[in-house]
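Visitor: Residue numbers (our numbering), protein chains in the order written: chain A, 430 to 619; chain B, 655 to 848; chain C, -13 to 332; chain D, 11 to 203.
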Amino acid sequence: MEYLIIIISAIFVSNIVLAQYLGICPFLGVSGKVSTSVGMSGAVLFVMTIATIVTWLIQTYILEPFGITFLQTISFILVIASLVQMVEIILKKISPPLYQALGIFLPLITTNCAVLGVALLTVSRNYNLMEGVVFAVASAFGFGLAMLLFAGIREHLDLMDVPKGMRGVPIALVTAGILALAFMGFIGLV
Amino acid sequence: MNQWKNFSKGFIKDNPVFVLLLGLCPTLAVTSSAINGLGMGLATTFVLVCSNMVVSLIKNLIPDKVRIPSFIVIIASFVTIVELIMEGFVPALFEALGIFIPLIVVNCIVLGRAEGFASKQSFISSLIDGLGMGLGFAFALTLLGAVREALGNGSIFGYKFIEGDAILVFILSPGAFIVLGYLIALLNRFKKAT
Amino acid sequence: MNLLTVSGSPHIHGDNSIKKIMYGVVFAMIPAILVSIYFFGLDAVKVLLISVIACMFFEWAIQKYLIKGPLTINDGSALVTGILLAFNVPSNLPVWIIIIGAFVSIGIAKMSFGGLGKNPFNPALVGRVFLLISFPVQMTSWPKPNPLFARKVLDAITGPTPLGNLKEELTGGRTVQDILEHGTKMIVDGKEVLYQIPDYVQELLGNMGGSLGEISVAALIIGAIYMLCRKIITWQIPVAYLGSVIVFTGILWLINPNIYINPLFHLVTGGLMLGVFFMATDMVSTPMSPKGQLIFGLGCGIITVIIRVWGAYPEGVSFAILIMNAFAPLINKGFKPKRFGEVAKK
Amino acid sequence: MAKKESSFLNMVITLFVITGIASLALGGVYNLTKEPIRLAKLAKAEKAIKEVIPGFDRLEIFTVKPANGTDSLVFNCGYKNNELVGTAVESYSNKGYDPTQIKIMVGFTPDGNINNTVVIQQKETPGLGTKMTSPKFKNQFVGKNPKNFILKVKRDGGDVDAITGATISSRAFCGAIQRAYDAYEKENKKIKQ
């Protein structure tokens, strides 16, 4: 039940992009096409889950016991940055097809604040390791859902002639706003 | 290089938010009021200026391949310093900004300026660039915060000019997206006119 | 004109057919308009007029001064949006709030995207949800219906909607049975009154608290039959939408009738009929192919029930349709309408 | 100055030195800010306590297990000249709209009247449930004794005027005060001694 609440909350009620404002840059930048947004979401799912596990372990077994939680930011970002590198190298070796699908998105993820954001939220909400993993996976799906819906709408808008002043980022933001408005209907589900 | 131009470009011409579209997460997240926007802007400015200065000072000491990790460590250190200072001295703001203070570390502006500007330019230029970009960022956040606060709460910097309720959506997430969208459209128009 | 390429929805055949459809929709809304005037009197007229005038004004002004494109004010789409927006708000809503709603509907949800046919979301619903979230108090204080020819002094001027009342009482720990039989004691305008959820006949006719256009199921169905006969709307979305609501709420009801009310109640309350026939069928923001429309309706039904039963808002129709509007392009991608002369992809 | 070469040794040394300097600097700043942070946290709690119980010069803080439940409540007893002037109880409710706990501080005078309440944390629906922090809602509790002031909204047969459109948040708020009062009643005799 606990897990179900975390999942519904992370995907619908407090969607990471539409309600928590995390991962906006890739949300706007890579969501032009449905296919690329799927690739990006896959990469985020991958990195976010591993990063949350590793940062949780670091927080619980290193930072807290030694009373050096003030090194949280610096250690988390270093972990994520090196993790992305490692994932890239390992993926290239063991699964070239997966690497081809996700590879180009991996470098973009280091500065995707959704990954660091979810790691920080996991710690600040006192989740245990399993809850953290569920939260990370659900958040990644929430990110994917928002990306996918958004990409669909943007592909549709590409066929329309949007007024000149609104073309590009402005109309994308307004669309995201309306999407966020619609998602507010889920308030109170958990 | 003309230092005045270097400084002022961050406000309109190369504004990090309105033109370069960098650092949009904190831009949207913390601007439910003007004061929060300003606080976040200034915190980012501090990190930007400090990291720009340090990076330009030691740019020649760092081998190319470990450039990015080194920059990240430097930036993360300054972010932590800001975090600790804010928690101690402006606890209310610290709580309002929440996880977006540590998230300054992944704000693309900071790493972008370190990598794209400070690692190539002189100390003074880098300092001024950081100051200009940071204040431009702060300006954008404060503007967005002021508009949202005015529409959503009927006040600016906490000073209430409408009694009672205003249009609540604007201090919630949909309002953040919508207001930023129209501000960018408006600025595009304004830029074309000049 | 190249007849072989299929552009995005809707398929504009010419100015005339849009006009015909739009005025057909307006004609279909007349019974519901009359019922709302019957129950809410001059207030209903006021809300309708202000909403329509404001929507048409914003459409005209934005096209003339901001977009500087051709004026399409006569195609009737702004008129439809105006009436639908009025249908979705309580009859005592302050004028300035209605005007904000009209501005959001036309300015943000429609004209920012370039006008009719380009908006991915239903404009009237965007306006409604925007107002609901911005002005929760004003948007959820409902005047009690007071029939025009049998006006009487009411013991309270405002009351809840049946769905709203049910939700608050259920979260308070009461059972469905208890609420339906004994009603609710509540303080309205400083006086203690007993609120009783109206019976199904009253709800069918429209004698219950609610927004202008949602109250009378009978009037909405008359309009819907007209639109179906004239082929202004197709059957797929309404059938899938209503079917999934009946099945979903039916299952819950069978599981535990103490906390889940029967499907009939869900059908006649909370603007479901208004949403199903007049807003979920909006051809601009819904999928094009019949299969896609079935999925669209199904999604609307499921989300509506989820929000109604477990969400914070008692009424889920508006949100459900907006969310499915967002899915429409993806559904279109998955279920493309057949194209003539299409070469199979390799 | 020539750019350093990207040899393995150079890279390791550089990273090592940078990380070392950074950690040292952070350690320093941490030590400098440790005290202000502690004081700021203390000030926040103290401010809430000061708002709910009248002038005191000494605080006694202890935790109490309420009658039913595994959780614990924090009691802050305020004394003036060694005489009890009020007790601030930190209480909560999980029954709000938002999953975030509603946390409140309730101050009781020694005879069990509610002196004042402060909302410490809430994330209720903006514009509706958030009005629980407004004086209009809060002031109806001031000076009331839960013994004869029923902590339920009026439609549930109580004495509390619910926030318009936010019955659930109002119920949660009442529940939190009730929890505090129940625990306070139980501990009252011990405190007075």
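For each residue, glycine too, the CB sits at the ideal point set by N, CA and C.
Going by the DSSP bridge assignment, what does Met172 of chain C pair with across the sheet?
Guide: Answer is C:Val179.
Visitor: Closest Cβ-Cβ distance between Ser705 of chain B and chain A: below 9 Å?
Guide: With 9 Å as the cut-off, Ser705 of chain B does not count as an interface residue toward chain A.
Visitor: What residue from C:Leu260, C:Thr144, C:Phe44, C:Ser22 has the CA that sits closest to Gly223 of chain C's CA?
Guide: What sits at residue 223 of chain C in the sequence shown is Ile, not Gly. Per the Cα distances, C:Leu260.
Visitor: What does DSSP give as the partner residues of Met115 of chain D in its beta bridges?
Guide: BP columns for Met115 of chain D point to D:Glu100, D:Val128.
Visitor: Chain B partners of Ala172 of chain D, CB-CB under 9 Å?
Guide: Under the 9 Å cutoff, chain B gives no residues; its nearest Cβ is about 18 Å from Ala172 of chain D.
Visitor: Could you tell me the alpha carbon to alpha carbon distance between Tyr813 of chain B and Leu805 of chain B, rounded to whole angstroms?
Guide: Each residue's Cα considered, the two are about 13 Å apart.
Visitor: With the cut-off set at 9 Å, would you say Tyr299 of chain C and Phe251 of chain C are in Cβ contact?
Guide: Contact flag unset, no.
Visitor: Is there contact between the stretch 292 to 311 of chain C and the stretch 261 to 270 of chain C, where contact requires at least three CB pairs shorter than 8 Å?
Guide: Counting Cβ pairs under 8 Å, three or more are found: they touch.
Visitor: Hey, does Phe335 of chain C have any beta-carbon neighbour from chain A nearer than 9 Å?
Guide: This structure cannot speak to residue 335 of chain C, because chain C is shown only from -13 to 332.
Visitor: Does the CB of Tyr813 of chain B have a neighbour CB from chain A at under 9 Å?
Guide: So no, Tyr813 of chain B is outside the interface.
Visitor: Compare the C-beta of Ala50 of chain D against all C-beta atoms of chain B and say whether one is closer than 9 Å.
Guide: Cβ-Cβ to chain B under 9 Å: yes for Ala50 of chain D.
Visitor: Name the residues in the stretch 111 to 130 of chain C whose C-beta lies less than 8 Å from a C-beta of chain B; which are they?
Guide: Here the close residues are Phe116, Ile119, Ser120, Phe121, Pro122, Val123.
Visitor: CB-CB under 7 Å to Thr457 of chain A, same chain, minus the five flanking residues each way: which ones, in chain order?
Guide: The question names Thr, yet the displayed sequence has Leu at residue 457 of chain A. Correct list, in chain order: Val598, Ala601.
Visitor: Excluding five sequence neighbours on each side, which residues of the same chain lie with their C-beta closer than 6 Å to the C-beta of Phe89 of chain C?
Guide: Phe44, listed in sequence order.
Visitor: Using a C-beta cutoff of 9 Å, does Cys184 of chain D count as contacting chain B?
Guide: No - not a single Cβ of chain B is within 9 Å of the one on Cys184 of chain D.
Visitor: Here's the rule: buried if 16 or more other CB atoms are within 10 angstroms of the residue's CB, otherwise exposed. What is Ser438 of chain A?
Guide: Looking at its Cβ environment, which holds 16 or more other Cβ atoms inside 10 Å, Ser438 of chain A is buried.
Visitor: So for Ser466 of chain A, helix, strand or coil by DSSP?
Guide: Helix, per DSSP.
Visitor: Looking at C-beta atoms only, is the number of pairs between the stretch 29 to 37 of chain C and the stretch 236 to 247 of chain C that lie closer than 8 Å three or more?
Guide: With the cut-off at 8 Å, the stretch 29 to 37 of chain C and the stretch 236 to 247 of chain C do not touch.
Visitor: Where do the N-terminal and C-terminal ends of the beta strand (DSSP E) with Arg68 of chain D fall, by residue?
Guide: Where Arg68 of chain D is concerned, the enclosing beta strand (DSSP E) stretches over 68 to 74.
Visitor: Do Ile165 of chain C and Leu152 of chain C have their C-beta atoms closer together than 9 Å?
Guide: Contact flag set, yes.
Visitor: Note down, in chain order, all residues in the stretch 598 to 616 of chain A with a beta-carbon under 9 Å from any beta-carbon belonging to chain F.
Guide: Given the protein chain composition of this structure (A, B, C and D), no chain F is represented.
Visitor: Alpha carbon to alpha carbon, how far is Pro494 of chain A from Met559 of chain A? Give it in angstroms, no decimals.
Guide: Going from the Cα of Met559 of chain A to the Cα of Pro494 of chain A covers about 20 Å.
Visitor: Given this structure, state the Cα-to-Cα distance separating Thr796 of chain B from Glu431 of chain A, to the nearest angstrom.
Guide: Their backbone Cα atoms lie some 39 Å apart in a straight line.
Visitor: So that I know if they touch, is there some Cβ in chain A lying closer than 9 Å to that of Leu65 of chain C?
Guide: No, Leu65 of chain C lies away from the interface with chain A (no Cβ there is under 9 Å from its Cβ).
Visitor: Would you verify that the beta carbon of Tyr450 of chain A is, or is not, closer than 9 Å to some beta carbon of chain B?
Guide: Answer yes: the Cβ-Cβ gap between Tyr450 of chain A and chain B drops below 9 Å somewhere.
Visitor: Are the CB atoms of Ile4 of chain D and Gly153 of chain D nearer to each other than 9 Å?
Guide: For residue 4 of chain D there is no data in the structure shown, the boundaries of chain D being 11 and 203.
Visitor: Over the uninterrupted alpha helix (DSSP H) stretch that includes Val459 of chain A, give me the two end residues.
Guide: Note, Val459 of chain A: premise wrong, no alpha helix (DSSP H); not H, not E.
Visitor: Who are the neighbours of Pro670 of chain B on chain A, taking C-beta pairs under 8 Å?
Guide: Those within 8 Å of Pro670 of chain B in chain A number zero; the least Cβ separation is about 12 Å.
Visitor: Can you list, in chain order, the residues of its chain with a C-beta nearer than 8 Å to that of Asn(-12) of chain C? Leave out the 5 residues immediately preceding and following it.
Guide: Caution is warranted here: a pLDDT of 41 is assigned to Asn(-12) of chain C, below 50, making its placement in the model unreliable, and the coordinate value is therefore given only provisionally. Hits under 8 Å: none found.
Visitor: Based on the DSSP secondary-structure assignment, which residues constitute the bridge partners of Ser809 of chain B?
Guide: Ser809 of chain B is bridged to B:Lys814.
Visitor: Looking at the C-beta of Leu618 of chain A, does it have a partner C-beta in chain B at a distance below 9 Å?
Guide: By this cut-off, Leu618 of chain A is not an interface position.
Visitor: Closer than 8 Å by beta-carbon distance: list the chain D residues that pair up with Leu500 of chain A, in chain order.
Guide: Ser33, Leu36, listed in chain order.
Visitor: Going by Cα to Cα distance, which pick from C:Gly278, C:Leu28, C:Val254 is closest to Trp221 of chain C?
Guide: With distances taken between Cα atoms, Trp221 of chain C lies closest to C:Gly278.
Visitor: I'd like to know whether the C-beta atoms of Leu198 of chain C and Asn74 of chain C end up nearer to each other than 9 Å.
Guide: Cβ distance < 9 Å, so Leu198 of chain C and Asn74 of chain C count as in contact.
Visitor: In chain order, what residues of the stretch 818 to 836 of chain B put their CB closer than 9 Å to some CB of chain C?
Guide: Correct list: Asp819, Ala820, Ile821, Leu822, Val823, Phe824, Leu826, Pro828, Gly829, Ile832, Gly835, Tyr836.
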